Amino acid sequence: MTKVVVRKFGRLNTGQSGTVTQKRVWDAGSGQFTTVRTIDAQSKTLSEDLNYVFSKNVAKARRENKAVAGVLDRAPTKP
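Following this line, the structure appears as structure tokens:
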């Protein structure tokens, strides 16, 4: 018999330790604010920090795709 373990694979660490810093900077090209996240490369939680920033980037891309196409993660149909 194998033991089945069920758990959520969401956020492992709910409290960020402060190794990911976030700034809002003005982009002169687009004329809008842009969020820039920086990671401390010498941090003990580097892999979690990379995962956090990646998940934020994916969420942003999905929101933008939904605004353009009206659906998530699908290319618009060809006419």
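The sequence shown runs 7 to 85 under my numbering. In this text, a Cβ means the ideal position worked out from N, Cα and C, and glycines have one as well. Every value quoted in this text rests on a predicted model; they were computed, and no experiment measured them.
Between the C-alpha atoms of A73 and A67 there is a straight-line separation of about 10 Å.
As far as DSSP is concerned, F60 takes part in no beta bridge. Pairing V64 with R43 gives a Cβ-Cβ distance that is not under 9 Å. If you compare the alpha carbons of N57, T8, K29, P85 with that of F15, the shortest gap goes to N57. Taking the Cα of K29 as reference, the smallest distance to any Cα among K84, T41, R13, V11 is reached at T41.
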